[in-house]
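> Which chain is which? The protein sequence lines are A and B, in order.
Those letters in the first sequence? Residues 902 to 1192, by my numbering.
Those letters in the second sequence? Residues 51 to 494, by my numbering.
Pasting a structure below so you can have a look.
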Amino acid sequence: MISWPNLVSQLFNGLALGALLALISSGLTIIYGTLGVLNLAHGAMFMIGGYAGFVTYQYTESFILAVIAGSLFVMLLGVVMERVIIRHFYHRPHEDQLLVTFGLGICFVELVRLLFSSQSQIVPPPALFQGITNLGFMFYPTYRLAVVGIVAVALGALFIILYRTRLGMIVRAGIEDSVMVDSLGINVYRVFMIVFGIGAMAAGFAGIVNAPVVSLTPGIGDDILVQTFVVVVIGGVGSFPGAILGGLIAGEIISVTSMFNPGYAYVMLFAAMTLVLVVRPHGLLGVQGRE
Amino acid sequence: MTDDLIRRGLSRRGLLQTTAGLIGGSVLPAMPAFAEDKPAIGSYPTGVSGSAAFIGISVPRTGTYAVQGEDELKGYQLAIEHINEGHELIKKISPKTSKGVLGKELKFGVADSAAKPNEAVQAQQRFISENKAIMITGGTSSAVAVALNKLAQREHVLFVCGISGSNDTTGKDCVRYGVRQNFFGQTAAAAIGPVMVREFGKGKKAAYLTPDYTYGHTVTKSMQDFLATAGWTTTTNQVAPLGAPDYSSYLLNVANSGADVLINVNWGHDAVLSTQQAKQFGVLDKMKLVVPYQVPFIARETGGLMQGVYAATDYWWTIEDKFPLAKMFNEAFEKKYGYKPEWGAENAYVSFAHWAHMCEEAGSFNPPDVIKAYEKGETIPSLVGDVHYRPDDHQCVRPVIIVKGKQQKDMKNKEDWYDVVEIVPGEGLMQKPDAFGCHLGDYT
């Protein structure tokens, strides 16, 4: 039987869970939409963001510095990765792109395991957001509430970059037709590098913001990567609003299903993805013809 | 006939050598069995025809159980090192061991199972086919243990089970070619259940966090069955997949369930994460936490959340005050690895020491002989006192240790996480041998 307070709690929790999934997925979908590269190292970059922030926190005990360091480090890593490796794969088959990013992801994970071992590392939330908040209908961790706000701001910033700047216009044009952008005299490869850096930064930012919610382990990105793909497929590959919508839907499915039958929470997520693929193969907000 | 042989050119020295050989041959059957006089089975005798015997080890080095897998591996490596050098501790458990097992140096290969049955089976199949592994081991997941049980029975290669808490491993999925040293769902529940009833009272309400595979289901069932005898009820059982990245939705259900006690059956990083998030959601402020199947390193990884928490375990290092072999093991382990061993390493070490003991007793690596040595049910030493293996299901009958997380102010050193509350003798904890549907299968 449905417990209404529990249903409301789960709906709210689904929103919080979905916000985080939306943030991670947005980086993945921007990169894929623009560069046509499905970055299987995205989960590892999410994880590295967490660890870079963790190291910074260890030295500074400042969560804000940890967030900045985690984001910038992964952005830098993304730029280097794009310049040194990824750009050589733009014109190669998708299989090669998948293999090289998959391999890079494994290297990143094992390097972190070598440096930090598999044991969990904890990044505490900032003092301001510690404890539990009484929302009237439920008690909810204060930091998770803050995460919803942080993610909303971050997604808003990404929206402004993508939809209110010249760079964003070029990126969106690149998503639609990169050959045409190139033929208009725009250095599309420079744009690709920036896009890869922004996508990586989104993953790194999500990694360190998520760190106080979970405990960091080298494999944390592997777990989230699968869900991220599901979100991108549901929302529409290459669609930034689709990533947000897909993330929220995924969060709600996991949360609400767990109330009826927890064993099926993640199964239902895949069932939803299958349904979307059948009914609308290009995703809810994806555009037909776009890869 | 002698004259005839001499006539055909056999020298007197040759005749004496032949006679000695015939006499020797007639005496041999009375001596311990050697490779030559047993029919080939599994990787025997090929795997032990040289100067070494090979062991295939598959532990999770990545994934949710990676921390525990690495610890388990250290226990295996220390045991192999001790067996090969004839260490004093091994000799206490396997008195006939000198160096190696039956004089053969032990060699080993390690594969990462990632706690996935298919990966473990593929790796072990390779070890059996290519390296002629005479024994295989691995676990840290009952799903892996059950899969390797089946592989061992099919390939006729002994599987000395690593960490596995499911009742099924030596229950409905038991095999003739599998043995298990460590405690499991039934014995955990029978040991910690009375402590919970004593501490929390009768007629309480419990919520469960259960990983969705054989380990989780059987441990939760055993706990529910035992606690039901004291009037406890289950308010909710939150079943989550292995490696769930977030427990918030499950914990909201727990928080709204009205339970008095949260019984966290999750293991590895799942246990760490779910415990941490239970704290974040205020669940641990509202209800008591119990971990019926203790997770190595959980106290360290959760940063003190195990304070005051009861758990059942195979081993905790402070029992060295009561058990001299435990003290020897702790010292050797800490000297090599720089930290106190947890129960994954203990189980690994003892399992290998017991296997060496059984091979030496059988006088052979021949699998049926080694299995029969286990099935004698001989009382043998372990790090927690004397134990024996049941012939009916190949389960070691051994004590279960109940611990309670220490408050930080009471910790004497950085690894002094638990008080040992009780060491519960194994005999009274065991189910009837056929209770979980064990049918061992054939020797050949």
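Yeah, the Cβ is synthetic: ideal placement off N, Cα and C, and Gly gets one too.
From a predicted model like this one, the values you see are computed outputs, not experimental measurements.
1) Between which two residues does the beta strand (DSSP E) holding Cys1008(A) run?
2) Tell me which residues share the same chain as Ser401(B) and place their Cβ nearer than 6 Å to its Cβ, disregarding the 5 neighbours each side in the sequence.
3) Please report the straight-line C-alpha distance between Gly1122(A) and Glu962(A), rounded to a whole angstrom.
4) Does the Cβ of Phe1161(A) have 16 or more other Cβ atoms within 10 Å, making it buried, or fewer, making it exposed?
5) I think Trp405(B) touches Met246(B), with their Cβ atoms under 8 Å apart; what is that distance to the nearest whole Å?
6) Quick check on Ala103(B): buried or exposed, where buried means 16 or more other Cβ atoms within 10 Å of its Cβ?
7) Could you give the first and the last residue of the continuous beta strand (DSSP E) run that contains Ser432(B)?
8) So, with DSSP's three-state summary, where would you put Glu155(B)?
9) Could you tell me whether any Cβ in chain B is nearer than 7 Å to the Cβ of Thr1118(A)?
10) Between the stretch 349 to 356 of chain B and the stretch 181 to 197 of chain B, do at least 3 Cβ pairs fall closer than 8 Å?
11) Do the stretch 310 to 322 of chain B and the stretch 1098 to 1107 of chain A make contact, defined as three or more Cβ pairs closer than 8 Å?
12) With respect to the alpha helix (DSSP H) encompassing Val975(A), which residues constitute its N-terminal and C-terminal limits?
13) Could you name the residues of chain A that Gly332(B) contacts, counting a contact when the two beta carbons are closer than 7 Å?
14) Cα separation between Asp371(B) and Ile932(A)?
15) Secondary structure at Met1081(A), three-state DSSP: helix, strand or coil?
16) What do you reckon, are the CB atoms on Leu929(A) and Val1052(A) nearer than 7 Å?
17) Whose Cβ in chain B lies nearer than 7 Å to the Cβ of Ile1125(A)?
18) Along the stretch 299 to 321 of chain B, where does the CB come closer than 8 Å to a CB of chain A? Name the residues.
19) Within 10 angstroms of its Cβ, does Ala90(B) collect 16 or more other Cβ (buried), or is it exposed?
20) Of the residues Gly1037(A), Leu1005(A), Gly1184(A), Ala1107(A), which one's Cα is nearest the Cα of Leu862(A)?
21) What is the DSSP secondary structure of Glu392(B), reduced to helix, strand or coil?
22) Do three or more CB pairs link the stretch 291 to 303 of chain B to the stretch 1117 to 1135 of chain A at distances below 8 Å?
23) Give the residues of chain A in contact with Gly353(B), contact being defined as C-beta atoms less than 8 Å apart.
24) Give me the residue from Gly113(B), Val151(B), His132(B) with the minimum Cα distance to Asn416(B).
25) Flag Val1196(A) as yes if its beta-carbon sits less than 7 Å from any beta-carbon of chain B, otherwise no.
26) Compute the beta-carbon to beta-carbon distance between Gly97(B) and Lys182(B), rounded to the nearest angstrom, for a pair I have assumed lies under 8 Å.
27) Chain B beta carbons: is any one of them nearer than 7 Å to that of Ile1150(A)?
28) So Lys390(B) and Glu384(B) are supposed to be a Cβ contact under 8 Å. How far apart are they, rounded?
29) Assuming Ala1151(A) and Ser1159(A) are in contact, meaning their beta carbons sit under 8 Å apart, how far apart are those beta carbons, in whole angstroms?
30) Suppose you measure from the CA of Trp367(B) to the CA of Thr270(B); what does that come to, to the nearest Å?
31) How many whole angstroms separate the CB atoms of Glu122(B) and Gly212(B), which I take to be in contact at a CB cut-off of 8 Å?
32) Helix, strand or coil, according to DSSP, for Gly491(B) in the structure here?
33) Between which two residues does the beta strand (DSSP E) carrying Phe104(B) extend?
34) When you check each C-beta in the stretch 103 to 120 of chain B against every C-beta of chain A, which residues fall closer than 7 Å?
35) Give me the Cα-Cα distance between Pro906(A) and Ser1156(A), rounded to the nearest whole angstrom.
36) What whole-angstrom Cβ distance do Phe234(B) and Ser216(B) have, given they're in contact under 8 Å?
For this structure:
1) That residue, Cys1008(A), is in no beta strand (DSSP E); its alpha helix (DSSP H) goes 995 to 1017.
2) Val210, Gln231
3) 24 Å
4) exposed
5) Between Met246(B) and Trp405(B) the Cβ distance is about 34 Å, and since that is not below 8 Å, they are no contact.
6) buried
7) 430 to 432
8) strand
9) yes
10) no
11) no
12) 964 to 985
13) Ile1033, Phe1040
14) 60 Å
15) helix
16) no
17) Pro295
18) Ser299, Tyr300, Leu302, Asn303, Ala305, Asn306, His319
19) exposed
20) Any question about residue 862(A) goes unanswered here, given that chain A covers just 902 to 1192.
21) coil
22) yes
23) Ile1023
24) Val151(B)
25) Since the first residue of chain A shown is 902 and the last is 1192, residue 1196(A) is not available in this structure.
26) 4 Å
27) no
28) 6 Å
29) About 13 Å; that fails the 8 Å criterion.
30) 26 Å
31) 6 Å
32) coil
33) 102 to 109
34) Thr112, Gly113, Ala116, Val117, Glu120
35) 14 Å
36) 7 Å
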